[in-house]
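The sequence shown runs 49 to 421 under my numbering.
Take a look at the structure set out below.
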Amino acid sequence: TFLVTDRAAADRPMGALTGDFIFVGDVGRPDLLERAAGITGTMETSARALFASLQRFKTLPDYLQLWPGHGAGSACGKALGAVPQTTLGYERLFNWALTVEDAAEFVSAVLAGQPEPPAYFARMKRVNRDGPAPLGALPRPALLNADALEDALRRGDTVLDTRGVEDFAARHVPGTLNVPRNRSFSAWAAALAPEGGAILLVADDDASAAAAARDLALVGVDGARGYVSPATIAKWSERHGGLGSVPQTDVRALAATLDAGAAPLVLDVRGKAEWEAGHLPGAVHIPLGELPARAGELPRDRPIAVHCQGGTRSAIASSVLRAKGVADVTNVRGGYGEWERLGLPTVSDEAGVSAGTGAPGGTPADASATSAR
49 TFLVTDRAAA DRPMGALTGD FIFVGDVGRP DLLERAAGIT GTMETSARAL
99 FASLQRFKTL PDYLQLWPGH GAGSACGKAL GAVPQTTLGY ERLFNWALTV
149 EDAAEFVSAV LAGQPEPPAY FARMKRVNRD GPAPLGALPR PALLNADALE
199 DALRRGDTVL DTRGVEDFAA RHVPGTLNVP RNRSFSAWAA ALAPEGGAIL
249 LVADDDASAA AAARDLALVG VDGARGYVSP ATIAKWSERH GGLGSVPQTD
299 VRALAATLDA GAAPLVLDVR GKAEWEAGHL PGAVHIPLGE LPARAGELPR
349 DRPIAVHCQG GTRSAIASSV LRAKGVADVT NVRGGYGEWE RLGLPTVSDE
399 AGVSAGTGAP GGTPADASAT SAR
């Protein structure tokens with residue numbers, strides 16, 4: 049943390065750049081070195097060091113302004129606030145981590161319920177330690193034609209469609225992945241794209257492709273050198289016939305289908321903490337970041353309805369499954385948030401099932417089974 053002093057007018061600090069230490073409403077994660085980089089035995093030690101640092105920091109004055117390195121949506125904490133800055137006095141009152149006075153209690157609390165580290169965090173930590181490969185100028189992907197798209201698919205390159213969920217669901221080239229270019233684009237694209245592999249983007253124009261390539265480069269994914277436009281998708285269709293699509297449903301329709309007994313397998317792709325807080329009866333749990341490696345656990349002879357909290361991660365997951373050859377996949381709009389809002393039945397962790405263990409009809413094969421890890 050850097051303390052900032054306006055030496056022209058004061059001899060004491062007026063603010064602090066707190067990086068990944070203190071956020072608005074939360075603090076940094078002491079579990080990442082162990083969970084993302086595999087350095088065992090570091091979580092509790094780091095948690096105790098974090099507690100000690102907080103106790104020292106609390107001796108600074110309440111008026112100290114804090115500028116954290118991340119905000120809402122970051123995987124660097126459990127519940128980061130959305131405002132860009134705060135004060136130590138405010139955090140002393142409302143940040144849970146600054147209200148805990150017992151070290152053991154703090155260690156238990158800070159390690160509980162942390163979301164899964166994004167899959168690219170291990171690579172990011174290596175790059176931060178060793179330094180990145182020379183990049184030069186940021187990549188500006190060249191506009192390519194349908195031949196290049198066919199070549200990329202034949203080679204097994206990652207074809208990353210950055211269009212919105214609805215556009216991809218309506219028509220896309222089979223075998224491509226959909227990661228809409230929103231605020232979570234970098235995290236999910238980096239998590240799903242193989243490390244070091246070539247990437248072909250699907251983007252609306254030069255500016256969109258360049259922005260997507262820049263976002264990827266900033267998280268260490270440098271393989272995006274070309275892109276194709278939606279017009280190329282039409283050209284591909286002229287050569288090869290029909291395009292792919294992803295059927296959409298909503299939670300009311302899903303609930304009616306489950307009640308009727310003609311149940312699809314319900315796949316929940318949210319994080320572990322979200323799942324443990326509550327999930328649909330009989331659902332199977334595979335977090336989105338683990339799905340490319342674990343798609344083979346899912347049956348190929350049964351319809352699959354994919355949901356997340358609101359509908360975006362499930363749309364990405366649906367594209368992953370389709371690219372892996374799972375044909376009968378439906379995305380559930382609204383997700384668990386809408387399901388819960390409507391008062392539809394939910395269960396806790398002990399009633400969940402692992403991938404591949406669900407009994408026909410969507411009921412748990414074993415009520416004592418836990419979610420897939």
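Think of the CB as a built atom: it goes at the ideal place given N, C-alpha and C, for glycine as much as any other residue.
In this text, all values refer to a predicted model and were calculated from it rather than measured experimentally.
Helix, strand or coil at Y168 [DSSP, three-state]: Reading the sequence shown from its first residue, position 120 is the one you call residue 168. Three-state DSSP puts Y168 in coil, outside helix and strand.
Closest Cα partner of L146 within the set F99, G359 and G373: The count along the sequence shown starts at 1 and reaches residue 146 at position 98. The option with the nearest alpha carbon to L146 is F99.
Residue from V267, A56, D349 and D316 whose Cα sits closest to the Cα of Y168: Position 120 of the sequence shown, counted from the first residue, corresponds to residue 168. Out of V267, A56, D349 and D316, V267 has the C-alpha closest to the C-alpha of Y168.
Euclidean distance between Cα positions of A399 and K320: Mapped onto the sequence shown, residue 399 falls at position 351. Mapped onto the sequence shown, residue 320 falls at position 272. Confidence is the limiting factor: at A399 the pLDDT is only 44, short of 50, which leaves the residue's position unreliable, though a coordinate-based value still follows. Straight-line Cα distance between these residues: approximately 14 Å.
Alpha-carbon to alpha-carbon, A311 and P180: Here residue 180 corresponds to residue number 132 of the sequence shown, with the count starting at 1. Here residue 311 corresponds to residue number 263 of the sequence shown, with the count starting at 1. Their backbone Cα atoms lie some 48 Å apart in a straight line.
Assumed close pair L336, R361 - CB separation to whole angstroms, cut-off 8 Å: For this step, residue 336 is matched to residue 288 along the sequence shown. For this step, residue 361 is matched to residue 313 along the sequence shown. Contact flag correct, Cβ pair sits at about 5 Å.
Inter-residue CB distance, A241 and L208 (contact presumed, cutoff 8 Å): The residue labelled residue 241 in the question sits at position 193 within the sequence shown. The residue labelled residue 208 in the question sits at position 160 within the sequence shown. 7 Å between Cβ atoms; contact.
Residue from A258, V299 and A331 whose Cα sits closest to the Cα of R389: Within the sequence shown, the letter at position 341 stands for residue 389. The shortest Cα separation from R389 among A258, V299 and A331 belongs to V299.
Cβ distance (whole Å) where T49 is taken to contact M62 below 8 Å: As a first step, residue 49 must be located in the sequence shown, where it is residue number 1. As a first step, residue 62 must be located in the sequence shown, where it is residue number 14. Contact flag wrong, Cβ pair sits at about 14 Å.
DSSP-derived helix/strand/coil call for A100: Position 52 of the sequence shown holds residue 100. Residue state, collapsed to three classes: helix.
8 Å Cβ shell around A196 - same chain, five flanking residues per side excluded: In the sequence shown, the residue the question calls residue 196 occupies position 148. L248, G274 and V276, listed in sequence order.
Supposed contact pair V380 and A353 - C-beta distance, whole angstroms, cut 8 Å: Here residue 353 refers to the residue found at position 305 of the sequence shown. Here residue 380 refers to the residue found at position 332 of the sequence shown. Contact holds; Cβ gap of about 5 Å.
Whole-angstrom C-beta distance between R318 and E243, which should lie under 8 Å: For the purposes of this step, residue 243 is taken as residue 195 along the sequence shown, with counting starting at 1. For the purposes of this step, residue 318 is taken as residue 270 along the sequence shown, with counting starting at 1. Wrong, their Cβ atoms sit about 24 Å apart, outside the cutoff.
Backbone CA spacing between L392 and D349 [nearest angstrom]: Here residue 392 corresponds to residue number 344 of the sequence shown, with the count starting at 1. Here residue 349 corresponds to residue number 301 of the sequence shown, with the count starting at 1. Looking at the two C-alpha atoms, the distance is approximately 27 Å.
Runs of beta strand (DSSP E) wholly within the stretch 317-404 (minimum 3 residues, chain order): 352-355 and 377-381
Beta bridge counterpart(s) of D209 as assigned by DSSP: As a position in the sequence shown, residue 209 is number 161, starting the count at 1. Answer is N226 and V250, bridged to D209.
Simplified DSSP state of I70, which is helix, strand or coil: Taking the first residue of the sequence shown as 1, we reach residue 70 at position 22. Strand at I70.
Cβ separation of I334 and L315, assumed to be a contact under 8 Å, to the nearest whole Å: Mapped onto the sequence shown, residue 334 falls at position 286. Mapped onto the sequence shown, residue 315 falls at position 267. The Cβ separation is near 7 Å, so the contact holds.
Touch test, the stretch 78-87 against the stretch 102-113, Cβ-Cβ under 8 Å, three pairs minimum: no
Test item: CB-CB of A261 and A272 under 8 Å: Locating residue 261 in the sequence shown gives position 213, counting from the first residue. Locating residue 272 in the sequence shown gives position 224, counting from the first residue. In this structure, A272 lies closer than 8 Å to A261 by Cβ.
Buried or exposed by the 16-neighbour rule on C-beta atoms within 10 Å, applied to V131: Start at 1 with the first residue of the sequence shown, and residue 131 comes out as number 83. Classification of V131: exposed, given that the 10 Å Cβ count is below 16.
Contact set for Q357: own chain, Cβ-Cβ below 6 Å, skip 5 residues either direction: Here residue 357 corresponds to residue number 309 of the sequence shown, with the count starting at 1. So the list reads R318, G383, Y384 and G385, once near-sequence residues are dropped.
C-alpha distance - A375 paired with W284, whole-angstrom precision: By 1-based counting over the sequence shown, the position of residue 375 is 327. By 1-based counting over the sequence shown, the position of residue 284 is 236. C-alpha separation (whole angstroms): 20 Å.
Whole-angstrom distance between F216 and H288, CA atom to CA atom: Stepping through the sequence shown from its first residue, residue 288 is reached at position 240. Stepping through the sequence shown from its first residue, residue 216 is reached at position 168. Cα-Cα distance, rounded: 18 Å.
CA-to-CA distance, T394 to T134, given in whole angstroms: In the sequence shown, counting from the first residue as 1, residue 134 sits at position 86. In the sequence shown, counting from the first residue as 1, residue 394 sits at position 346. Taking the straight line joining both Cα atoms gives about 37 Å.
D178 versus A303: straight-line alpha-carbon distance, rounded: Position 130 of the sequence shown, counted from the start, is the residue given in the question as residue 178. Position 255 of the sequence shown, counted from the start, is the residue given in the question as residue 303. Distance between the alpha carbons of D178 and A303: 50 Å.
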